[in-house]
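This report refers to the structure that appears directly beneath it.
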Amino acid sequence: MPTNEPRKSGARKTLFVLLLALILVAVAYAYFQENKPWVIPEEAKARKNPLQPSEAVLKSAKALYGENCANCHGDGGKGDGSEAPRYDPKPADFTDALHMNTVSDGALFYQISQGRKPMPAFKRRMTEYQRWQLVLLVRSFAQKTAAGEKPPPQ
């Protein structure tokens, strides 16, 4: 019997090391997946928003944004919501006009629809109409700062 004890102990150590290595690989994979730039298909980038900005559309979008986006992206879209410090990468700052001018409406729609950890996908949570409304609202945050207006207070 005593000869089995060292074998069992060695097997446990080996199993522990393998389990630890697997956990480290999974954590590293998740970290690098989250920090990769968005890969958006060209056909998605080329999509045009079928909606025109209006007070009614933006008002409706503000309610959706408040329920689904503001905790991370902040009430004014600066990426400074109450949950933002928990995430890496940080939530996008929609008031950055230089960056927002490089992103098409189709790309924003794709990002809202597909999500990417830690951001959830909204394709099944919102209608297509609602997601296009959010694109208009998100776009309006950058337009306000580009025009010299302050975004809504946090």
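For the sequence shown, the positions run 66 to 219 when this note's numbering is used.
The beta carbon of each residue, even a glycine, is placed where N, CA and C say it ideally should be.
None of the values given here were measured: they were computed from a predicted structure.
Query, Result
"Going by DSSP, what residue range makes up the alpha helix (DSSP H) through Tyr-152?", "Element bounds for Tyr-152: n/a, residue is neither H nor E."
"Excluding five sequence neighbours on each side, which residues of the same chain lie with their C-beta closer than 8 Å to the C-beta of Lys-127?", "Leu-202"
"For Leu-123, which residues from the same chain have a beta carbon less than 7 Å from its beta carbon, with the 5 sequence-adjacent residues on both sides left out?", "Leu-201, Leu-202, Ser-205"
"On the CB-based measure, 16 or more other CB atoms within 10 Å of its CB, does Tyr-194 come out buried or exposed?", "exposed"
"Smallest Cα separation from Pro-102: which of Arg-181, Arg-189, Phe-187?", "Arg-181"
"To the nearest angstrom, how far is it from the Cα of Leu-84 to the Cα of Lys-73?", "16 Å"
"Which residues does DSSP list as the beta-bridge partners of Met-184?", "Arg-181"
"Report the three-state DSSP secondary structure of Val-104 (helix, strand or coil).", "coil"
"Tell me the DSSP secondary structure of Gln-208 in three-state form.", "helix"
"Here's the rule: buried if 16 or more other CB atoms are within 10 angstroms of the residue's CB, otherwise exposed. What is Ala-157?", "buried"
"Which residues in the same chain have their Cβ closer than 7 Å to the Cβ of Ser-178, if we skip the five residues on either side of it in sequence?", "Ala-186, Phe-187, Lys-188, Arg-196"
"Look at Lys-110 and Ala-172 and say whether their C-beta atoms are less than 8 Å apart.", "yes"
"Going by DSSP, what residue range makes up the alpha helix (DSSP H) through Ala-135?", "135-138"
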